[in-house]
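Student: Chains as they are written, first to last, in the working numbering: chain A, 12 to 183; chain B, 16 to 460. A virtual CB, placed ideally from N, CA and C, is assigned to each residue, including glycine. Since the structure is predicted, the reported quantities are computational estimates derived from the model, not experimental observations.
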Amino acid sequence: MAITYTSGEQVEVYRFSLPATILIPLIAVFLQAWLPLRFHFFTIFDLPLLVVIGFATARRNPLAGLVTGGLIGILQDALTHQPIGLYGISKTVVGFGASSLGIKLDVENAGARFLLTIFFYVVHEVVYFMIARGLVGLRMAWSWPHELLSGVANALLGVLVFMLLDRVKHRT
Amino acid sequence: MESVLGRYRNLIVLVGVLFAQVLGLAVQVRRTTDSEPTRLIRVWAVGTITPLEKTLVWTQTTSRNIWHNYFYLRGVRAENRSLKAQIERMSLEQVRISQDADQARRLQALLAFKEQFISKTMAAQVIGSSGSELSRSVYIDKGEHDGIKPDMAVITADGVVGKVLRVYGSTSLVLLIDDQTSGVGAILDKTRLQGILRGTPSGEVMLEKVMSDETVPAGELVLTSGGDGIFPKGLLVGRVTKVSPGSELFLNIRVRPAADLSRLEEVLVVTKIDERQAEPDRTGATRAIDILAERLPTVPPKPETAEKGATPGAVAPGAGAPGAGAPKTGATTTGVPATATPKTVAPTTGPTTTGARATAAPTTTGSPAKPKAAPPAASASSGVPAAKKTASPGSSSGTGSGTSLATSATATGTPAVKAAPKPVKAAAQTQPQPKPQPAVQDSPH
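1. Please report whether the beta-carbon of L77(A) lies at a distance below 8 Å from any beta-carbon of chain B.
2. V28(B) CB to nearest chain A CB: under 8 Å?
3. Bridge partners of F265(B), per DSSP?
4. Check V479(B) in the structure and name its three-state DSSP category.
5. Suppose you measure from the CA of L149(A) to the CA of A143(A); what does that come to, to the nearest Å?
6. Looking at chain B, is there any beta carbon in it that lies within less than 8 Å of the beta carbon of R150(A)?
7. With a CB to CB cut of under 7 Å and the five nearest residues on each side skipped, what residues in its chain are close to L42(A)?
8. Quick one: what's got a C-beta closer than 6 Å to G198(B)'s C-beta in the same chain, skipping five residues either side?
9. Just checking: is the beta-carbon of G428(B) within a distance shorter than 8 Å of some beta-carbon in chain A?
10. Listing by chain order, which chain A residues have their CB less than 7 Å from the CB of S277(B)?
11. Can you list the residues of chain E that E68(B) reaches, using a CB-CB cut of under 8 Å?
12. Have a look at G76(A) and K69(B) and give me their C-alpha separation to the nearest angstrom.
13. Does V24(A) come within less than 8 Å of chain B when only Cβ atoms are used?
14. Determine the direct distance from the alpha carbon of G84(A) to that of Q93(A), and round the result to whole angstroms.
15. Rounded to whole angstroms, how far is the Cβ of T128(A) from the Cβ of G96(A), which I believe are closer than 8 Å?
16. Compare the Cα-Cα distances from G99(A) to each of A109(A), L60(A) and T68(A) and report the closest residue.
17. What is the DSSP secondary structure of Y25(A), reduced to helix, strand or coil?
18. Start and end of the alpha helix (DSSP H) containing G99(A)?
19. Mapping the DSSP letters down to three states, classify T256(B) as helix, strand or coil.
20. For a test of the three-state rule: what should DSSP assign to G242(B), helix, strand or coil?
21. Which residues of the segment 29-40 of chain B have a Cβ closer than 8 Å to any Cβ of chain A? Give them in chain order.
22. With burial defined as no fewer than 16 other Cβ atoms inside 10 Å of the residue's Cβ, what is the status of G31(B): buried or exposed?
23. Would you say I268(B) faces chain A, with C-beta separation under 8 Å as the test?
24. Measure from the alpha carbon of T63(B) to the alpha carbon of each residue in V118(A), D117(A), L90(A) and V63(A), then state which is nearest.
25. Which two residues bound the contiguous alpha helix (DSSP H) that contains I85(A)?
26. Alpha carbon to alpha carbon, how far is V61(B) from L55(B)? Give it in angstroms, no decimals.
27. Beta carbons nearer than 8 Å to chain B: which residues of the segment 91-115 of chain A have them?
28. Which residues mark the beginning and the end of the beta strand (DSSP E) in which Q36(B) is found?
29. If M137(B) sits next to D161(B), beta carbons under 8 Å apart, how far is it from one beta carbon to the other, in whole angstroms?
30. Exposed or buried, S18(A), counting other C-beta atoms within 10 Å across all chains shown (16 or more means buried)?
31. Between the segment 129-137 of chain A and the segment 156-176 of chain A, are three or more C-beta pairs nearer than 8 Å?
32. To the nearest whole angstrom, what separates the beta carbons of I268(B) and M221(B), a pair I think is in contact under 8 Å?
33. Which of the three DSSP states, helix, strand or coil, is assigned to T356(B)?
34. Can you pull the chain B residues whose beta carbon is under 7 Å from the beta carbon of L37(A), in chain order?
35. For the ligand NAP, I want to know if F53(A) counts as a neighbour, meaning its beta carbon is within less than 7 Å of at least one of the ligand's heavy atoms.
36. Where do the N-terminal and C-terminal ends of the alpha helix (DSSP H) with V63(A) fall, by residue?
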């Protein structure tokens with residue numbers, strides 16, 4: 012699980028086909044909305060976030076990362092009754108950060124992906140918490156054990172999701 | 016300058032995108048009401064995601080129904096027998112409850128209370144959720160096209176679920192009662208303390224605004240108070256699980272919702288609530304013993320009660336005449352051949368004639384009526400062939416009060432028809448014979 016520091020020339024940049032770019036986030040948002048009805052424990056997962064991280068680390072383009080993160084987040088926001096932008100802002104930050112980090116680090120192996128996902132999950136939750144509490148005025152409680160446990164669960168699922176994404180990405 | 020912009024291009028774009036989103040967020044937060052139309056982006060998102068959910072739920076439900084309704088029918092007969100027995104028990108229970116309800120209505124009428132009744136509901140399938148722990152809401156497969164409107168109450172057989180928050184074309188967003196932005200006016204069942212039911216960020220449901228000097232026992236039921244104008248009064252919300260002193264002057268009362276909010280499949284949307292003045296039921300109550308009596312093979316005669324109700328003088332002149340039947344029974348005389356139909360209807364308190372269908376009170380005994388054991392009302396039109404009558408005219412007094420049995424005599428316009436397929440059981444035996452009147456025994460045809 013080595014996270015090796017690589018130069019920009021050494022890293023490989025991938026792209027996704029247009030159908031994959033559109034359908035994968037839609038399927039992720041759909042499953043995120045549908046699965047908790049059948050499996051209540053699924054609410055601790057954030058499948059769209061995993062897709063954002065997966066796309067961002069594969070493309071390694073900060074602009075593409077932030078745009079993808081922002082759009083997926085807004086789509087997720089639109090299904091809730093909270094103001095639009097909570098997930099949008101959080102995932103914009105994560106998309107930008109993951110793609111920027113993807114340039115610097117080799118994130119092709121499972122261990123690196125696992126740690127990266129935990130890190131960005133916590134970043135996502137922190138940003139969300141700050142906006143929801145500071146800007147929107149929602150009552151929220153922060154619990155480190157809960158967030159870390161959720162981070163680990165999401166990281167485990169993330170490793171599987173990234174393996175699936177590897178199958179549909181193409182080298183540029 | 017250009018090199019600086021080029022070097023920090025990504026960061027500048029990031030800041031720009033974040034700024035735009037924060038600005039948008041601020042505009043939305045500034046809104047104080049939800050009366051503004053739904054954002055287009057929500058319509059697009061819901062329009063994209065919910066058809067997939069609907070299709071999936073439909074496929075799942077259909078396959079499950081096919082399996083359960085056509086293939087997996089093991090134990091259905093035993094269950095059917097059990098359910099029938101349960102219906103019998105519940106019928107008796109219902110009679111008792113209806114008497115209580117009638118008494119309550121009378122008292123409410125005295126106090127000029129206004130009652131709220133759920134007069135119309137619509138069943139809906141839960142097709143999806145918001146997918147967020149901080150937005151506890153679900154989507155249902157009924158929307159504006161089905162007559163759903165915002166702020167309609169959503170319930171299940173177990174208890175209150177939430178309210179309709181947003182309505183789209185064919186779907187609606189339902190805010191659950193465990194969401195932190197929801198609020199339900201609630202009242203405790205026994206102590207009658209009122210409060211506001213709210214969700215917490217962790218998904219618990221708390222009853223707020225109950226003063227700390229009150230005593231609230233764990234296990235007490237929580238009902239809707241009707242004060243919020245959304246939920247009708249008296250719906251079950253949940254049960255108190257824990258009470259602890261809270262901050263300031265109020266108690267922390269934790270409530271477990273009666274409806275399982277994490278496993279919702281079908282819900283009912285209350286589409287219409289009637290509010291009307293309470294009025295006592297004037298039709299008279301059926302007693303449990305009446306229902307029991309229906310099931311008895313025979314009923315022992317009660318001559319003493321029959322004597323009270325049977326008024327010989329009530330027999331109209333000419334009652335004994337062949338073909339005349341038993342007039343003055345409230346039957347409609349239409350000048351056409353009549354059919355004496357010994358159909359037992361709901362007990363009434365007197366002879367009532369409504370159009371062609373007449374309700375007679377043949378034997379007013381003051382005792383519990385026995386619908387099947389009563390003589391059929393004999394009604395006919397004078398001068399025309401009458402129907403077969405098995406009761407004596409003397410039994411058709413139609414006077415008196417109290418619980419009386421009504422049998423309907425219907426003028427059907429058909430020639431004399433054989434009547435009384437189930438003639439007289441016990442009540443016929445109870446009929447006194449004050450005057451020796453010839454029993455009308457018309458031929459069937």
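Tutor: According to the structure data:
1. In the first sequence, counting from the first residue as 1, residue 77(A) sits at position 66. Chain B, which has a Cβ nearer than 8 Å to the Cβ of L77(A), makes this yes.
2. Locating residue 28(B) in the second sequence gives position 13, where the first residue counts as 1. So yes, V28(B) belongs to the interface.
3. Residue numbering aside, residue 265(B) sits at position 250 when the second sequence is read from its first letter. Partner(s): M226(B).
4. Residue coverage of chain B in this structure runs from 16 to 460, which leaves residue 479(B) outside it and unanswerable.
5. Looking up residue 149(A) in the first sequence gives position 138. Looking up residue 143(A) in the first sequence gives position 132. When rounded, the distance between both Cα atoms is 6 Å.
6. By one-based count along the first sequence, residue 150(A) stands at place 139. It does; some Cβ of chain B falls within 8 Å.
7. In the first sequence, counting from the first residue as 1, residue 42(A) sits at position 31. Around L42(A): L58.
8. As a first step, residue 198(B) is located in the second sequence; it is residue number 183 there, counting from the start. Once the five neighbours on either side are set aside, the close Cβ partners of G198(B) are I211 and R213.
9. As a working mapping, residue 428(B) is identified with position 413 in the second sequence. Confidence is the limiting factor: at G428(B) the pLDDT is only 38, short of 50, which leaves the residue's position unreliable, though a coordinate-based value still follows. Not an interface residue.
10. Taking the second sequence and counting its residues from 1, the one referred to as residue 277(B) is at position 262. The answer, in chain order, is H51.
11. Any reference to chain E falls outside this structure, whose protein chains are A and B.
12. Here residue 76(A) refers to the residue found at position 65 of the first sequence. Here residue 69(B) refers to the residue found at position 54 of the second sequence. Going by the C-alpha atoms only, they are around 31 Å apart.
13. The residue you call residue 24(A) lines up with position 13 of the first sequence. Cβ-Cβ to chain B under 8 Å: no for V24(A).
14. Numbered from its first residue, the first sequence carries residue 93(A) at position 82. Numbered from its first residue, the first sequence carries residue 84(A) at position 73. About 12 Å.
15. On the first sequence, position 117 is the one that residue 128(A) refers to. On the first sequence, position 85 is the one that residue 96(A) refers to. In fact, because the Cβ distance is near 23 Å, the residues do not count as touching under 8 Å.
16. To locate residue 99(A), count along the first sequence from 1; it is residue 88. Minimum Cα distance to G99(A) is reached at L60(A).
17. To locate residue 25(A), count along the first sequence from 1; it is residue 14. DSSP places Y25(A) in strand when its eight states are reduced to three.
18. In the first sequence, the residue the question calls residue 99(A) occupies position 88. Note, G99(A): alpha helix (DSSP H), L97 to K115.
19. Walking along the second sequence from the start, residue 256(B) turns up at place 241. DSSP places T256(B) in strand when its eight states are reduced to three.
20. Mapped onto the second sequence, residue 242(B) falls at position 227. G242(B) falls in the coil class under three-state DSSP.
21. L29, V32, L33, Q36, V37, G39 and L40
22. Here residue 31(B) corresponds to residue number 16 of the second sequence, with the count starting at 1. Its Cβ having fewer than 16 others within 10 Å, G31(B) is exposed.
23. One-based indexing of the second sequence puts residue 268(B) at position 253. Judged by the 8 Å Cβ criterion, I268(B) is not in contact with chain A.
24. Start at 1 with the first residue of the second sequence, and residue 63(B) comes out as number 48. Ranking V118(A), D117(A), L90(A) and V63(A) by Cα distance to T63(B) puts L90(A) first.
25. Here residue 85(A) corresponds to residue number 74 of the first sequence, with the count starting at 1. Its alpha helix (DSSP H) spans residues P73 to L90.
26. Mapped onto the second sequence, residue 55(B) falls at position 40. Mapped onto the second sequence, residue 61(B) falls at position 46. Their backbone Cα atoms lie some 10 Å apart in a straight line.
27. T91, H92, Q93, P94, I95, G96, L97, Y98, G99, I100, T103, V104, F107 and S111
28. The residue labelled residue 36(B) in the question sits at position 21 within the second sequence. Looking at the DSSP string, Q36(B) is not in any beta strand (DSSP E); the run it does join, the alpha helix (DSSP H), is R24 to R45.
29. The residue labelled residue 137(B) in the question sits at position 122 within the second sequence. The residue labelled residue 161(B) in the question sits at position 146 within the second sequence. 7 Å between Cβ atoms; contact.
30. As a position in the first sequence, residue 18(A) is number 7, starting the count at 1. A caution first: S18(A) carries a pLDDT of 44, below 50, which makes its placement in the model unreliable, though a value can still be read off. Flag for S18(A) reads exposed.
31. yes
32. Taking the first residue of the second sequence as 1, we reach residue 268(B) at position 253. Taking the first residue of the second sequence as 1, we reach residue 221(B) at position 206. Their Cβ separation, rounded to whole angstroms, is 6 Å, which keeps I268(B) and M221(B) in contact under 8 Å.
33. In the second sequence, counting from the first residue as 1, residue 356(B) sits at position 341. Residue placement at T356(B) cannot be trusted, given a pLDDT of 37 that sits under 50; the coordinates are not used to answer.
34. Here the question's residue 37(A) lines up with position 26 in the first sequence. Those within 7 Å of L37(A) in chain B are T63.
35. Of ligands this structure carries none, so the ligand NAP is not represented either.
36. For the purposes of this step, residue 63(A) is taken as residue 52 along the first sequence, with counting starting at 1. Here the alpha helix (DSSP H) through V63(A) covers L58 to R70.
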